[in-house]
Amino acid sequence: MGLDKSVWDKEIETPASVVAYVDLAVRALLPDGSEVLGISPTGASYWARLGRIDTIKANGEEESFFVKVHQGDLGKRIVSGEYLGISALREVIPEMVAEPIGWGTYQEIPDTHFLLSRFVEMTEDIPDVSDFPALVAELHKRGVSPDGKFGFPHLLHGGMHPLPTPPTDTWEECFTNMIKFNMAKEESVHGPDKELTKLKTDIIEKVIPRLLRPLKIVPRLVHGDLWDGNASVDANTGNPMIFDPLCLYAHNEFELAPWKAARHKMTKAYVDEYTKHFPVSEPAGDFEDRTLLYFLRFDLLSSSLYPGNLRFRYGSMNTMRYLVTKYSEGYEGYWYATAGDQTETVPRMESEDLAVAGHQVLTT
1 MGLDKSVWDK
11 EIETPASVVA
21 YVDLAVRALL
31 PDGSEVLGIS
41 PTGASYWARL
51 GRIDTIKANG
61 EEESFFVKVH
71 QGDLGKRIVS
81 GEYLGISALR
91 EVIPEMVAEP
101 IGWGTYQEIP
111 DTHFLLSRFV
121 EMTEDIPDVS
131 DFPALVAELH
141 KRGVSPDGKF
151 GFPHLLHGGM
161 HPLPTPPTDT
171 WEECFTNMIK
181 FNMAKEESVH
191 GPDKELTKLK
201 TDIIEKVIPR
211 LLRPLKIVPR
221 LVHGDLWDGN
231 ASVDANTGNP
241 MIFDPLCLYA
251 HNEFELAPWK
261 AARHKMTKAY
271 VDEYTKHFPV
281 SEPAGDFEDR
291 TLLYFLRFDL
301 LSSSLYPGNL
311 RFRYGSMNTM
321 RYLVTKYSEG
331 YEGYWYATAG
341 DQTETVPRME
351 SEDLAVAGHQ
361 VLTT
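Mapping to full-length UniProt numbering: the sequence shown position 223 is 223, numbers consecutive.
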């Protein structure tokens with residue numbers, strides 16, 4: 001799918017020369033006996049260089065691979081984290097994820113790092129509403145956290161920004177960590193704003209506890225950035241495919257947030273179809289506003305990625321105004337309304353420490 005130049009029109013920092021040849025380190029990860037026929041640019045990215053490597057196996061069959069290339073220490077962290085994210089998804093739902101082969105560092109160009117996977121020829125279409133939401137629901141059903149923790153133990157990146165989600169015991173704590181980090185990153189890019197500062201405080205102190213604390217949920221593996229730019233259709237099989245994950249174990253409804261955006265091609269119809277296969281969490285009456293809160297995280301991330309483009313900041317502020325106005329009484333108002341006894345102590349999170357820490361990064 002093509003890139004929206006109105007969002008970001010800067011040149012990729014990694015030179016095109018990194019996908020003009022197949023480096024020795026990449027060749028070392030190809031199956032034994034593979035003969036490289038050539039490499040060509042493929043796909044589209046705001047941040048990375050992408051290539052298709054065509055090979056012929058010892059038995060004469062042709063086979064293609066996909067390589068994504070970044071540079072610098074940041075690039076190394078990006079490809080190592082993405083490999084772990086793709087591997088986690090592939091283990092749970094292999095029918096929707098191209099097989100990751102490995103990652104490494106170029107031998108012939110300094111400080112250049114790559115991710116290698118099987119190449120899947122994809123169409124220019126988004127997956128169809130008739131089958132895609134059901135498969136996403138299947139991912140969530142299968143992908144239960146093995147240790148009961150929310151978050152992800154490895155550091156992944158959205159665009160060029162780290163997105164830490166250290167494991168936590170509660171979804172409220174995990175999401176609060178995540179959105180506080182996004183808020184700080186967005187402010188570092190576009191500067192402080194008096195109204196926005198107050199809105200952010202109210203989101204953290206009132207809206208998040210109100211909408212997330214009542215949930216009784218199991219952490220489930222989500223793609224984490226499932227907008228239409230990260231999903232397509234296998235041109236040979238017609239199967240939906242997903243890629244470029246920001247994996248974490250989360251509330252499964254977090255996955256639906258990008259489908260609320262008018263700017264995206266996957267719309268409310270996808271949400272409605274999904275809930276036929278995975279019922280809405282209780283309190284069901286909070287569903288629309290919960291997913292709107294989750295969508296706020298995506299707008300904040302988008303705003304931080306594109307310096308000078310304030311469109312996502314303004315959208316974030318509109319969302320915050322609505323949520324803060326509606327949930328001005330916070331969790332306490334909800335608890336009193338549902339418990340009906342103001343003499344008891346209002347329950348709070350077990351952990352008030354929302355520090356962002358504890359991630360692992362692979363090294364070669």
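Note that the Cβ used here is the ideal one computed from N, Cα and C, for glycine as well. Values in this document were obtained by computation on a predicted structure and should not be read as measured data.
Give the single residue among F65, G60, V92 and G102 whose Cα lies nearest to the Cα of K76. G102
Considering just the uninterrupted stretch of the alpha helix (DSSP H) at D273, what are its terminal residues? A quick correction: the sequence has Glu, not Asp, at residue 273. Per DSSP, E273 belongs to the alpha helix (DSSP H) from K268 to H277.
Sequence-distant residues of its chain with Cβ nearer than 6 angstroms to E13 (five each side left out): none
Are at least three pairs of beta-carbons, each pair with one atom in the stretch 86–94 and one in the stretch 200–211, less than 8 angstroms apart? no
On the criterion of 16 or more Cβ atoms from any shown chain inside 10 Å, does A355 qualify as buried, or is it exposed? Its pLDDT being 35, under 50, A355 is placed unreliably in this model, and the value from its coordinates should be taken loosely. A355 should be labelled exposed.
Tell me the start and end of each unbroken beta strand (DSSP E) in the stretch 77–156 that is at least 3 residues and wholly inside, in chain order. 100–105 and 112–118
Flag this pair as yes or no: are the beta carbons of L211 and R290 separated by less than 8 angstroms? yes
I need the boundaries of the alpha helix (DSSP H) containing Y314, first residue and last residue. R311 to K326
Do you know whose CA, among N230, P209 and D131, lies nearest H277's CA? D131
Closest to R27 by C-alpha separation, out of V67, D73 and L248, would be which residue? V67
Hey, how far is the Cα of A231 from the Cα of K260? 16 angstroms
Give me the Cα-Cα distance between F65 and A48, rounded to the nearest whole angstrom. 16 angstroms
Using DSSP bridges, identify the partner residues of G38. D54
Would you call P245 buried or exposed, if buried means 16 or more other Cβ atoms sit within 10 Å of its Cβ? buried
Are the stretch 255–271 and the stretch 97–116 touching by the rule of at least three beta carbon pairs closer than 8 angstroms? no
Could you name the residues of the same chain whose beta carbon sits closer than 6 angstroms to that of T168, not counting the 5 residues immediately before and after it, in chain order? F150, G151 and C174
Taking buried to mean at least 16 other C-beta atoms within 10 Å of its own C-beta, is L37 buried or exposed? exposed
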